[in-house]
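2 protein chains.
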Amino acid sequence: MSRPTQYDREEALQKAMLIFWKKGYHATSLKDLEKGLNMKPGSIYCAFSNKENLYLLALELYVGRSVTRFQAHMDQAASPLTGLAEYLRGFARNGANGGAPQVCMLTKTLVDVTSTAPEIAAQAKIHLKQIRQAFADGFARAKAAGELSEKADCAHLARRFQAAVTALRFELHLETDQTDIAALAEDLAQEIEALRSERPDIAHP
Amino acid sequence: MSRPTQYDREEALQKAMLIFWKKGYHATSLKDLEKGLNMKPGSIYCAFSNKENLYLLALELYVGRSVTRFQAHMDQAASPLTGLAEYLRGFARNGANGGAPQVCMLTKTLVDVTSTAPEIAAQAKIHLKQIRQAFADGFARAKAAGELSEKADCAHLARRFQAAVTALRFELHLETDQTDIAALAEDLAQEIEALRSERPDIAHP
DNA sequence: AAAGTTTATGAGCGATCACTCAATTAAAAA
DNA sequence: TTTTTAATTGAGTGATCGCTCATAAACTTT
Chain S
3 MSRPTQYDRE
13 EALQKAMLIF
23 WKKGYHATSL
33 KDLEKGLNMK
43 PGSIYCAFSN
53 KENLYLLALE
63 LYVGRSVTRF
73 QAHMDQAASP
83 LTGLAEYLRG
93 FARNGANGGA
103 PQVCMLTKTL
113 VDVTSTAPEI
123 AAQAKIHLKQ
133 IRQAFADGFA
143 RAKAAGELSE
153 KADCAHLARR
163 FQAAVTALRF
173 ELHLETDQTD
183 IAALAEDLAQ
193 EIEALRSERP
203 DIAHP
Chain H
3 MSRPTQYDRE
13 EALQKAMLIF
23 WKKGYHATSL
33 KDLEKGLNMK
43 PGSIYCAFSN
53 KENLYLLALE
63 LYVGRSVTRF
73 QAHMDQAASP
83 LTGLAEYLRG
93 FARNGANGGA
103 PQVCMLTKTL
113 VDVTSTAPEI
123 AAQAKIHLKQ
133 IRQAFADGFA
143 RAKAAGELSE
153 KADCAHLARR
163 FQAAVTALRF
173 ELHLETDQTD
183 IAALAEDLAQ
193 EIEALRSERP
203 DIAHP
């Protein structure tokens, strides 16, 4: 079976993700990665093929974690709709989810590479859709729990929710005052809670 | 007075802005600019000092136009609050303001350069604040017209409005279906109109 | 025309880019 | 131990990066 790898692939990938997330695709050089991963160029290419592929893998890791975190949050929420609203408030609390006060990596990717690396952009759009689907599932749960009107359009609400998340995370990126972010998050959270159906248990006509 | 310049400075600057806006700061090379402006490297540096300075000038041009366009829109609106709501709907209509279906250049800048070109990021934040102030002025006009409660916090509303614009323009960037963008814009516009005070002419207690 | 002044030119600067590959090293298998 | 197999290395690839500067060109003034 020959010589085993010296690095931990998962660990290297996670480091790469953080570097890419912080600096962006174009601004991150192989030198940055060599230093950050503590790997020589040859090893990086042996392990991850090339910069673009490494970036795609980093994106995948990012999305997987995001979805997992969101679902974990929803599972421990008092109710689906409350969970969604709280998810927005959460951005204002800890300084950010996972300790990284930044734009969503997918947003950053799409802004960075849409006109220069279309394949990466296409993949990022797919990932955004995955996350939006997770949000839609959350709204569907709220509907099933009678918190939303039967007529509520979950896909539509999910897009709006994602827009709110995007905007909030962009404010985090700007390092806007904590107070102002909290106020914005509170506004957006209340918009979600305002969707709560007044008649929680009416079946269709 | 010696040899006159061959190029039109304003025109060159506008072209540079469009190139930077499309590709971003890092991804735009001097070659791109040489081609786009039809100027040789020496001339570009003679006219605009360096890439960073040219970018800052392009940003300034962008912001000036954005503010002007917003104010022109507000001046011809039926009422301030209606104008604000219509401004959001406007993004869904023409495919974008000025024919450029993209993220706001300031958003793009901040995502692109915050961790790699701090001076540009700092300037972009100042510009964002300028625009937010223009939005706040719009809300102040609405308040003066009795469309908003006396207690309304214009600065706070302006930040929320700007967040809505950011999110909407990001959707434009994604080339989301026209229908979905229109639905999102309509939602956001209605949130603005929902602020309309039911008692338009009550002075303070 | 000649002198003076400013702009335009583009080959080329050193630095850095993403990336390669022949040589070396380290482990498992024989 | 020897052989086999794969991982690691890092100097070096050509391309491109932002940028410079000596020279040529175009205009006004004398």
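Protein chains in written order, with this note's numbering: chain S, 3 to 207; chain H, 3 to 207.
Even glycine gets a Cβ: it sits at the ideal position worked out from N, Cα and C.
- Counting along the chain, the unbroken alpha helix (DSSP H) around S/Leu190 starts and ends at Gln180 to Glu195.
- Nearest CB-CB separation between S/Ser68 and chain H: not below the 8 angstroms threshold.
- For S/Thr118, the C-beta contacts it makes with chain H under 8 angstroms involve Lys25, Gly26 and Ala29, in order along the chain.
- Within the same chain, and ignoring the five residues on either side of S/Lys145 in sequence, the residues whose Cβ sits closer than 6 angstroms to its Cβ are Ala154.
- Taking the Cα positions, H/Lys24 is about 7 angstroms away from S/Ser117.
- Per DSSP, the unbroken alpha helix (DSSP H) holding H/Cys156 starts and ends at Cys156 to Leu176.
- The segment 119-128 of chain H and the segment 70-80 of chain H do not touch, with fewer than three beta-carbon pairs separated by less than 8 angstroms.
- Distance from the CA of H/Ser51 to the CA of H/Leu58, rounded to the nearest whole angstrom, comes to 11 angstroms.
- Distance from S/Arg162 to H/Asp189 at the Cβ level is roughly 6 angstroms; contact confirmed, criterion being Cβ atoms closer than 8 angstroms.
- Boundaries of the alpha helix (DSSP H) around S/His75: Lys53 to Asp77.
- Taking CB atoms only, H/Leu83 has no neighbour in chain S less than 8 angstroms away.
- Near chain H, meaning a CB-to-CB distance below 8 angstroms, the residues of the segment 159-175 of chain S are Arg161, Arg162, Ala165, Ala166, Thr168, Ala169, Leu170, Phe172, Glu173 and His175.
- The C-beta separation of H/Gln164 from H/Phe137 comes to about 6 angstroms, placing the pair in contact by the 8 angstroms criterion.
- For the segment 126-152 of chain S, the residues whose beta carbon sits under 7 angstroms from a beta carbon of chain H are, in order, Lys127.
- Within the segment 186-199 of chain H, the residues whose Cβ lies closer than 9 angstroms to some Cβ of chain S are Leu186, Asp189, Leu190 and Glu193, listed in chain order.
- S/Thr109 belongs to the set of residues whose beta carbon lies under 8 angstroms from a beta carbon in chain H.
- The Cβ neighbour count for H/Ser68, taken over all protein chains shown within 10 Å, is at least 16; the residue is labelled buried.
- The count of Cβ pairs closer than 8 angstroms, one atom from the segment 85-96 of chain S and one from the segment 4-17 of chain S, stays below three, leaving the stretches out of contact.
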